[in-house]
Amino acid sequence: MSRPIATTALAVALLACEGAPTEMTPPPAPAESRVERGTAGEDFQQFQQDSGYPHSVEEYDQLPGYLQCGTACGREPTSGEQQRAHLCERGSIDPSEC
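Residues 89 to 186 (my numbering) make up the sequence shown, in order.
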């Protein structure tokens, strides 16, 4: 089987999976960060004090997603938080852990 046919076969198989998108739409444009420059919101400051979060609000936008504090400090959900929410909605995670 040549590579283009194998790739096409894999794509068809993936689209046939439960929960696969029914129409292809481009991903949304990245939203601007809600982290305020120069001044930190109360949630961010409180989280920083309570947890010892080592990163400042000024460097937040440059941090890789896994280092961002997400909803814990009053910011947009991280990709991990979004993935967990999706798995909870699908019932893939025990509801007591959601």
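Just so it is clear, CB atoms sit at the ideal spot from N, CA and C, and this is done for glycine as well. Predicted model, so just to flag it, every value in this text is computed and none were measured.
{"query": "C161 classed as buried or exposed, judged by whether at least 16 other C-beta atoms fall within 10 angstroms", "result": "buried"}
{"query": "Sequence-distant residues of the same chain with beta carbon closer than 8 Å to E124, five excluded per side", "result": "Note that E124 scores 48 on pLDDT, short of 50, meaning its location in the model is unreliable; the coordinates nonetheless yield the value given after this. Once the five neighbours on either side are set aside, the close Cβ partners of E124 are V145."}
{"query": "R178 burial status per 10 Å Cβ neighbour count (16 or more: buried)", "result": "exposed"}
{"query": "Given 8 Å, three or more beta-carbon pairs between the stretch 165-183 and the stretch 134-148", "result": "no"}
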